[in-house]
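Residue numbers (our numbering): 253 to 318.
Below: one structure, written as structure tokens.
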Amino acid sequence: ETNRIVNEAREALNNLFDELGAAHLQIGKKYHYREHLQEPSSSLLESLKNAVDPKRLMNPKSLGLD
């Protein structure tokens with residue numbers, strides 16, 4: 253139940269940040285950054301991650317990249 257409440261609050265903050273054009277300082281760690289990207293930005297991010305860290309060893313799951 254606590255996780256659900258926290259996730260709902262986090263999502264509400266993300267929506268507010270989007271509306272205001274702001275971002276949380278840990279956007280890549282705690283928030284679904286990639287879900288808010290549009291093409292071609294999302295593909296570019298994936299391509300960069302594949303080029304720099306193909307084994308996904310650095311900052312696993314950050315920026316919504318699994």
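C-beta: ideal position from N, C-alpha, C; glycine also.
Near the ligand SAH: residue i beta-carbon under 7 Å from a heavy atom
i, result
"residue 301", "The ligand content of the structure shown is nil, which means the ligand SAH is not present either."
Whether residue i touches residue j by CB criterion (8 Å)
i, j, result
"residue 297", "residue 286", "yes"
"residue 275", "residue 269", "yes"
Rounded distance between the beta-carbons of residue j and residue i, thought under 8 Å
i, j, result
"residue 301", "residue 289", "13 Å between Cβ atoms; not a contact."
Proximity to residue i [Cα-Cα], best of the options
i, options, result
"residue 314", "293, 278 and 291", "278"
DSSP-derived helix/strand/coil call for residue i
i, result
"residue 313", "coil"
"residue 276", "coil"
Pairwise C-alpha distance: residue j and residue i
i, j, result
"residue 265", "residue 304", "31 Å"
"residue 257", "residue 263", "10 Å"
"residue 310", "residue 295", "19 Å"
"residue 312", "residue 255", "21 Å"
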